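Just so we're aligned: 209 in the UniProt record's numbering is position 209 of the sequence shown, and the numbers increase by one with no gaps anywhere. Have a look at the structure below, then the notes.
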Amino acid sequence: MRYVRGLFQSRKANMEQMAEVVADAHYQRLHHMLSESAWDRCAVYEQLVIDANTHFGSLGPCALVIDESGFAKKGEMSAGVARQWNGRLGKTDNSQVGVFAAITCENVAALVDEELYLPEPWTRDEARCRQAGIPEDARAFRTKGEIAFAMIMRARRAGLQFAYSVFDGGYGHLPWLLRDLDDAREVFLAEMHSNQAIYLEDPAAAMPGRCPSRKGRPPTRLVTHASAETVTDWAQRQPTSAWRQLSVRDGEKGEVMAEYLKTRVFVWDGRASQARQLHLLVRRELDGSKLKFCLSNAKANASLRHLAMMQAARHFVERAFEDAKSQCGMADYQVRLWNGWHHHMTLVMIALMFLAKERLANRKTAQLLSCRDVVEMLRHRLPRKIDSDEDLVQSIAERHQRRRSVMDSAYRRQAEILGRSG
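Spelled out as structure tokens, the structure:
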């Protein structure tokens, strides 16, 4: 596939540069394949699941990690673009945001699912959705939590082999998501916000009885006499002896170590008919500078190390995003339409799965093999478009032709505007 080769070969993985670098690649064909062709990405998803099971499934318990990634964009016409939180930039900015699922095991991760998040104002603007090529069945508003739940369920139905799902506090703070996953018997570890309320005993919520002497409506809200506290308050009360130092993975600067403790707690949001008993896992940097809080419905006898290893899987989706953006051109796309965005991300996932396969296949003989190493070998071995002076002249001529076409189009639009105003 020329586009996937272009993701590896082009320093900036947009179609114009791909057309200049990849042998037998043409800009118009790449553009048609990405934005106009109706090829089914669902079939590619099914193949990614097969590949993930082949390369990761035999290694041991795998985690399915849910996370999002933002892509800064100018203008207002690209599908889903809006002023919204962009974690990559660490601020609210004009961006597109995608929700992704990654499979990870043995310190290697690969993306296996993606979906573009549509902010609510988009779903109320039919004309804007049509212009961006958003299908009618994709225009209903869905929260990121709803997208995440659908991804986990889709992965399970498709036969993806994973033992549990992991996600950060942006999803973990949603009580309904934890309940629905628990009801579906999906094991999860969810990071929490520091103000998450917990109970050390079952709050045994109940509907208060109506006082016979009182008039008015009967009570409709459950109440409890148990006292809640935040996870932060609970952790700060624990003695030094309660913390246990663990190594959870190897890093470039040595073992990654932190202090952990766990306990069983009850979680109740004031709406559910009963509380859920879960594990509370707290992670603390060795210098005490930072705390992370997690809730999990893993088996009641799950060990501290097991929970700590579950939490550590979160690191590898961040690594997968870094590799996808630096080595597979994930953020280099220049398309506005819904199909174009999803097609690009699907092809990026194919590229990243190939890199993961190579790293896993060679992990015993080349333990330090990175995605960058594999991409550099591909750039060295794959045929390039420019191998002679004639190729260079032809490439420049094609680039000038594209620039002239863009300029002519801009002049025509300007003339139309001036003609209407005159």
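Glycine included, every Cβ here is placed at the ideal spot set by N, Cα and C. Just so we're clear, the structure is a prediction, and the values are computed from it rather than from any experiment.
- Secondary structure within the region 1-54: the alpha helix (DSSP H) runs of 4 or more consecutive residues, fully enclosed, are 2-9, 15-21, 27-31 (chain order).
- Of the candidates L347, D67, H380, L347 places its Cα closest to the Cα of A13.
- Under the Cβ criterion (8 angstroms, minimum of three pairs), the region 265-282 counts as touching the region 172-185.
- Judged by DSSP in its simplified three-state form, A132 adopts coil rather than helix or strand.
- Within the DSSP secondary-structure output, W85 pairs in a beta bridge with T92.
- Taking a C-beta distance under 8 angstroms as the contact criterion, G329 and S10 qualify as a contact pair.
- Distance between G90 and A331, taken at the CA atoms: about 16 angstroms.
- The shortest CA-to-CA distance from A110 to any of L304, R156, Y45 is the one to Y45.
- Closest in alpha carbon position to A298, among L278, A127, S289, P135, is L278.
- Counting of Cβ neighbours within 10 angstroms places R314 among the buried residues, the total reaching 16 or more.
- Beta-carbon to beta-carbon, S37 and F71 are separated by about 22 angstroms, too far to satisfy the 8 angstroms threshold.
- In the DSSP assignment, no residue is bridged to F354.
- Judged by their CB atoms, C62 and A163 are nearer to each other than the 8 angstroms cut-off.
- Separation of L30 and A197 (C-alpha to C-alpha, rounded to the nearest whole angstrom) is 51 angstroms.
- In the assembly as shown, R372 is an exposed residue. Its beta-carbon has fewer than 16 other beta-carbons within 10 Å.
- Sorting Q47, A272, G80, L116 by C-alpha distance to the C-alpha of M345 places L116 at the top.
- Contact check between the region 166-176 and the region 65-82: three or more CB pairs, one atom from each, fall below 8 angstroms, which counts as touching.
- In this structure, W234 and Y260 do not form a Cβ contact; the two beta carbons are roughly 14 angstroms apart against a cut-off of 8 angstroms.
- By the criterion of at least three beta-carbon pairs nearer than 8 angstroms, the region 363-381 is not in contact with the region 131-144.
- Residues G145 of the same chain have their beta carbon placed closer than 6 angstroms to that of L174, with the five preceding and five following residues left out of the count.
- Shortest Cα-Cα distance from S273 to any of E126, E252, Q84, R221 involves R221.
- By the CB criterion at 8 angstroms, L295 and A190 fall inside the cutoff.
- One Cα belongs to N301, the other to F100, and the distance between them is close to 31 angstroms.
- Take S194, set aside five residues on each side of it, and the residues of its chain with a beta-carbon closer than 8 angstroms to its own are T230, V231, T232, L291, F293, in chain order.
- According to the DSSP assignment, M257 belongs to the beta strand (DSSP E) that extends over 254-267.
- For K73, the three-state secondary structure derived from DSSP is coil.
- Going by DSSP, L116 is part of the beta strand (DSSP E) stretching over 108-116.
- By the neighbour-count criterion, in which 16 or more other beta carbons inside 10 Å mark a residue as buried, W122 falls on the buried side.
- Around the C-beta of S78, 16 or more other C-beta atoms lie within 10 Å, and the residue is accordingly described as buried.
- By the Cβ-count criterion, V112 is buried, with 16 or more other Cβ atoms from all chains shown falling within 10 Å of its own Cβ.
- Taken through DSSP and simplified to helix, strand or coil, L281 comes out as strand.
- Approximately 18 angstroms separates the beta-carbon atoms of E76 and G98; this is outside 8 angstroms, ruling out the contact.
- DSSP places L200 outside any beta strand (DSSP E), giving it a letter other than H or E.
- Taking all protein chains in view, the Cβ of T92 is surrounded by fewer than 16 other Cβ atoms within 10 Å, so the residue is classified as exposed.
- A straight-line Cα-Cα distance of about 46 angstroms links T104 and S409.
- When rounded, the separation of the alpha-carbon atoms in T263 and V223 is 24 angstroms.
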